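What follows is a set of notes on a single structure, which appears directly below.
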Amino acid sequence: MTPVEVDVLKRKLARIVENLGALRPIQEMSHKEYTRDLYKRKATERLLQELIEAAVDINLHLISQTGHSIPDDYYQSFVKLGELKIISRDLAEKLAPSAGLRNRLVHEYDAIEDGLVLQSVAMAEDLYAQYVKEIKDYLSREM
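In terms of our numbering, the sequence shown is residues 338 to 480.
So this is what it looks like as structure tokens:
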């Protein structure tokens, strides 16, 4: 991996960390408070979307760089990272469903359930913090 590619990946990791920080206060909100505040709801949705998309970009880049074919969907990009042992399989399996959340947020397939989004904030804090750590560990081993 070239230094430029590593820098791009690090910027995407920084985006994830930044968005996790911005989402932290949302975890403290009650469901009622959250549903009443349109701006916080929309900001939360956008922050989650960006966070997931940054991770997917990282996934696809690393899969490609290791000489493997790009999966057909974002869900599989997490699974493939686990198969390649870039991140743990357990983490990959837990993160993969967030691709579906991203699709719902972007394409508004269904009415967005505020409770699901609020739960996803707590999930993101735990799982994506671990994702950042495991990707950083991988990059330090590979450089």
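Ideal Cβ positions, reconstructed from N, Cα and C, are used throughout, including at glycine.
Since the structure is predicted, the reported quantities are computational estimates derived from the model, not experimental observations.
Range covered by the alpha helix (DSSP H) that runs through residue i
i       : result
Met-460 : 451 to 479
Ser-435 : 435 to 444
Gly-419 : 411 to 420
Thr-339 : Per DSSP, Thr-339 belongs to no alpha helix (DSSP H) and is neither H nor E.
Asp-427 : 426 to 432
Asp-394 : 375 to 402
Nearest candidate by alpha-carbon position, reference residue i, set the options
i       : options                            : result
Gln-467 : Arg-426, Glu-479, Arg-478          : Arg-426
Arg-373 : Leu-455, Ile-353, Leu-421          : Leu-455
Ser-457 : Lys-431, Leu-476, Pro-340          : Lys-431
Gly-437 : Leu-428, Phe-415, Ile-423, Leu-421 : Phe-415
Buried versus exposed call for residue i [16 or more other C-beta atoms within 10 Å across all chains shown]
i       : result
Ala-433 : buried
Thr-339 : exposed
Gly-358 : exposed
If contact is defined by three or more beta carbon pairs under 8 Å, each pair taking one atom from either stretch, is the region 405 to 417 in contact with the region 442 to 457? Taking 8 Å as the limit for Cβ pairs, the verdict is that the region 405 to 417 does not touch the region 442 to 457.
Can we say the region 431 to 448 touches the region 386 to 397, given the rule of at least three CB pairs closer than 8 Å? Judged by pairs of C-beta atoms under 8 Å, the region 431 to 448 touches the region 386 to 397, as three or more such pairs exist.
Quick check: the region 374 to 382 against the region 394 to 404, are there 3 or more CB pairs under 8 Å? No, the region 374 to 382 does not touch the region 394 to 404.
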